[in-house]
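Read through the structure below, which is laid out as structure tokens, and then see the notes.
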Amino acid sequence: MDSMEMEDDGKTKILIVDDERSNIVALNHILKPTYATLVAINGESAIEIARQALPDLILLDIIMPDMTGFEVLADLKRESALRKIPVIIITALDSTEDEETGFYLGAVDYITKPFRDPIVRARVKTHLRMAEYTREIERFGMMDPLTGLPNRRSLDARVNVEWGRSVREKEPLSAFMIDVDNFKAYNDKYGHMQGDVLLQTVAAVFSKTVRRSGDFVARWGGEEFTILLPNTDKDAAISIAEQIRANVEGTIVHRPNGESTNVTVSIGVNTREPGIESTVSEFLVRADNLLYAAKREGKNRVCS
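Numbered by the working numbering, the letters in the sequence shown go through residues 28 to 331 in order.
Rendered as structure tokens:
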């Protein structure tokens, strides 16, 4: 039942990967009026169709006979032409471990079976919009040239999108404000060029630690960075922030003379919980205030 048949009418392309005909029929019924759908019933054909068609989004089942969805997802993320395609996992599995595995491998979301039409439509629309937003960032130069991360202008636009989504879907939204500890002293001691290397190094740590493609890492300015974590409650956010802090502390920063050093970061964590009235500005200011509380309490720590 593998298929690449679709009308060439400019519609957004969605690849459905599932070995159960009933699921394929149901998803086609939900999506066909708006999107052009492609179908694969196993992992190998899914990867081949993705290479040829470059779909805008992939709906991926986990339990399949030849390759698991996790294996397909890992293979997709290894190919530069495919890794930016958002993948939503559709599965009957509901364990936390399975969900963590999917997000670790780069999935943007989960939809559990039996799925509901409005949920599928909403999740698909959200992640297509996010993918388009990412492309706009690349097109309009909203990137920080030193670190390769989105810049402050890009963050300002994205936080409004995520805030609106959090309000509508009644899901938590978490933000980190991160500052490199003692950066001025480091710059004075080793020079501005080495300071740039340091910023590039910690930026890479942030991106590698925060792995869900829906998460957003940006350079706020100077030695300060911001991370947005959609659908992440306070406890999960604190856990991720602690992981970032530990990963930075354990990272070696190399110098041209062969010597090396390391640095630490302080992190303020704020979470917008459903039902709590606030504004975007207050949300970010609160995270910034918590960052400076971490500084006052001795640095190299997380405050929430």
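Yeah, the Cβ is synthetic: ideal placement off N, Cα and C, and Gly gets one too.
Cα-Cα separation between residue i and residue j, rounded to whole angstroms
{"i": "Ile294", "j": "Ala320", "result": "9 Å"}
{"i": "His154", "j": "Tyr213", "result": "40 Å"}
{"i": "Arg252", "j": "Asn178", "result": "It should be pointed out that residue 252 corresponds to Phe in this sequence rather than to Arg. When rounded, the distance between both Cα atoms is 9 Å."}
{"i": "Thr291", "j": "Arg323", "result": "14 Å"}
{"i": "Met33", "j": "Thr64", "result": "Because the pLDDT of Met33 is 48, which lies under 50, any placement of that residue in the model is unreliable, and the number read from its coordinates should be weighed accordingly. Cα to Cα, Met33 sits roughly 7 Å from Thr64."}
{"i": "Asn258", "j": "Ile116", "result": "16 Å"}
{"i": "Leu311", "j": "Arg239", "result": "21 Å"}
{"i": "Ser49", "j": "Met157", "result": "29 Å"}
{"i": "Pro283", "j": "Gly191", "result": "46 Å"}
{"i": "Gly37", "j": "Glu309", "result": "41 Å"}
{"i": "Asp183", "j": "Glu163", "result": "14 Å"}
{"i": "Ser122", "j": "Lys140", "result": "13 Å"}
Exposed unless 16 or more other CB atoms sit within 10 angstroms - verdict on residue i
{"i": "Met204", "result": "buried"}
{"i": "Ser266", "result": "exposed"}
{"i": "Ile43", "result": "buried"}
{"i": "Met91", "result": "buried"}
{"i": "Leu318", "result": "buried"}
Sequence-distant residues of the same chain with beta carbon closer than 7 Å to residue i, five excluded per side
{"i": "Val279", "result": "The displayed chain sequence assigns Ile, not Val, to residue 279. For Ile279, where only same-chain residues beyond five positions count, the Cβ hits under 7 Å are Ser287, Asn289."}
For residue i, the nearest candidate out of the options (CA to CA)
{"i": "Asp208", "options": "Arg272, His281, Met220, Ala202", "result": "Arg272"}
{"i": "Leu176", "options": "Arg156, Phe233, Phe210", "result": "Phe233"}
{"i": "Leu226", "options": "Phe243, Glu98, Val52, Asp206", "result": "Asp206"}
{"i": "Leu200", "options": "Val329, Val151, Val296", "result": "Val296"}
{"i": "Ala314", "options": "Gly285, Ile57, Pro141, Lys261", "result": "Lys261"}
{"i": "Arg148", "options": "Leu84, Gly241, Arg328", "result": "Leu84"}
Residues near residue i by beta carbon distance below 8 Å, same chain, minus five either side
{"i": "Asn187", "result": "Val307"}
{"i": "Asn327", "result": "Asp208, Arg272, Glu276, Thr291, Val292, Ser293"}
{"i": "Thr236", "result": "Ile267, Gln270, Ile271, Asn274"}
Cβ neighbours of residue i in the same chain (closer than 6 Å, five flanking residues each side left out)
{"i": "Leu54", "result": "Ile43"}
{"i": "Glu103", "result": "Here residue 103 turns out to be Leu, not Glu, going by the sequence shown. If we look at Leu103 and ignore the five residues flanking it on each side, its Cβ neighbours are Leu109."}
{"i": "Phe210", "result": "Glu250"}
Which whole runs of the beta strand (DSSP E) in the segment 163-196 are 3 residues long or more, in chain order? none
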